[in-house]
Structures are given as structure tokens and as C-alpha cells.
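Peer 1:
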Amino acid sequence: MEPGDCIVFHMKTVHGAHGNNLPTPRRAFSTRWLGDDAVKEDRPWMNLPPSHAMENLKRGDKLVESGAFPVVWKPWIVNN
């Protein structure tokens, strides 16, 4: 990878990197993207790290409407 590059993984993909030999710290930025139809679902496993934003949601609650996952882009239709 080169500075400014971006790579995307599915959350269940095992991924990693070699150790950082530079005098500066490695920086990473992580986001989660989901559709407006995504809902809270109970699972037998725990998210790591746990998502405190979802603590008060009930099964079936829409995630976007909860305010825990802000909308960053809304598609629009252009009329010709």
C-alpha cells in the first residue's frame, strides 16, 4: 500500500500487517457502512469491541433511525 490508499475488508476476513518499523505511529481509521434497512439482531457472540451505541436497541429496531449510525450519504434521483 502507498500513503493515501484505502483497503476494505469484510468484518469476518482475517487480516493483518507487518510490524511498524518507522519512528512514527501507524494510523488507522475504521468505519462501518450499512443500508437503511439494517436492523438490530441478537447474536450468540459479542462484538469486539462492544458497540455501546446498540445497548438500548431491541431486536428489529432500525439502526439508522436509532441515531447511533448517522447517515453520511443519501442517494437522490435527478430528473431530466
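Residue numbers 1 to 80, in UniProt numbering, belong to the letters of the sequence shown in order.
Ideal placement from N, C-alpha and C gives every residue a C-beta, glycine not left out.
#1: Out of curiosity, what's the CA-to-CA distance linking Arg43 and Leu63?
#2: For Val39, which three-state DSSP category applies?
#3: DSSP beta-bridge partners for Lys12?
#4: Can you tell me which of Pro3, Val71 and Met1 puts its alpha carbon nearest to the alpha carbon of Ala38?
#5: Taking Cβ to Cβ, would you say Lys74 is nearer than 8 angstroms to Lys58?
Peer 2: If we stick to the structure as given:
#1: The residue labelled residue 43 in the question sits at position 43 within the sequence shown. The residue labelled residue 63 in the question sits at position 63 within the sequence shown. Taking the straight line from one Cα to the other gives about 15 angstroms.
#2: What you label residue 39 is simply residue 39 of the sequence shown in a count that begins at 1. Of the three classes helix, strand and coil, the one that applies to Val39 here is strand, per DSSP.
#3: For the purposes of this step, residue 12 is taken as residue 12 along the sequence shown, with counting starting at 1. DSSP output for Lys12 lists no bridge partner at all.
#4: Locating residue 38 in the sequence shown gives position 38, where the first residue counts as 1. Closest option to Ala38, Cα to Cα, is Val71.
#5: The sequence position of residue 74 within the sequence shown is 74, counting from 1. The sequence position of residue 58 within the sequence shown is 58, counting from 1. Their beta carbons are not under 8 angstroms apart, which means Lys74 does not touch Lys58 by this criterion.
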